[in-house]
Amino acid sequence: MKKIALILLLFIGLTLSFVAIGLVILFATGAVTSMDEAQALLSGQLPGGESAFLQSDAVAEIEDGLLLLQQQKQELEQQILNLQEDRTNLEAEKTTLSETVAGLTQQSQTGSADQAEQRAKRLEQLRVLYEAMRPADAAAVFDQMPDAMVLEILPLLKERQAARILNGLGDDARKATLSQKLLEGQM
-8 MKKIALILLL
2 FIGLTLSFVA
12 IGLVILFATG
22 AVTSMDEAQA
32 LLSGQLPGGE
42 SAFLQSDAVA
52 EIEDGLLLLQ
62 QQKQELEQQI
72 LNLQEDRTNL
82 EAEKTTLSET
92 VAGLTQQSQT
102 GSADQAEQRA
112 KRLEQLRVLY
122 EAMRPADAAA
132 VFDQMPDAMV
142 LEILPLLKER
152 QAARILNGLG
162 DDARKATLSQ
172 KLLEGQM
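All the letters of the sequence shown, read from the start, carry residue numbers -8 to 178 under my numbering.
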């Protein structure tokens, strides 16, 4: 019987010492500031008279909030997937457009080269034509041409023919201007 009483006293002593340690911790951490708050906390009541444990309504609200957050998370994940898909599509479109631009640029360069070649052929034909003409007749035609065109054709002609055509131009001021531009290399 003594042993049972000792065990019971030991159990009560340990319980009281744990309660005392708990109270010290509560006061030290500032969780409670008075004995009334400590008593309310230990009895399961908060100072406002509400239970320390969650009521079923609060649990339901928390569960609803959690479900809402999960739905929002799923929606955001779906939006991320859609954005990644859109990005992939845009990158593919960008690649396609880059290839199209490269093709068009190449066609343009080819077209420019073809145009330059055709222009060179036409200039050669004009050179042959004006070399075959009498200088006075060629000068009459050159009088009607813009300076830029005259400056493009004259250097192609043989020097003697070019000199005779330039001399045959009607306007002396224009002869001087064209000679100066030829000297400066403005064609």
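Even glycine gets a Cβ: it sits at the ideal position worked out from N, Cα and C.
- As for any alpha helix (DSSP H) of minimum length 4 sitting wholly inside the stretch 96 to 174, the runs are 126 to 135, 138 to 144 and 150 to 159, ordered along the chain.
- Shortest Cα-Cα distance from L142 to any of A123, M124, R125 and A167 involves A167.
- Counting every other CB atom within 10 Å of its CB across the protein chains shown gives A111 a total below 16, marking it as exposed.
- Here the alpha carbon of Q98 sits roughly 16 Å from the alpha carbon of T87.
- Straight-line measurement puts the Cα of L81 at about 24 Å from the Cα of Q65.
- For the pair A129 and T101, the Cα-to-Cα distance works out to about 34 Å.
- Between D138 and L160, the C-beta spacing is not below 8 Å.
- By the neighbour-count definition (other C-beta atoms within 10 Å, threshold 16), P146 is an exposed residue.
- The beta carbon of E54 sits closer than 8 Å to none of the beta carbons in its chain outside the five residues before and after it.
- The beta-carbon separation of R118 and L157, rounded to 15 Å, does not stay under the 8 Å limit for a contact.
- In this structure, V23 sits near L17, with a CB-CB distance shorter than 8 Å.
- In the DSSP assignment, T6 falls within the alpha helix (DSSP H) that extends over K(-7) to T20.
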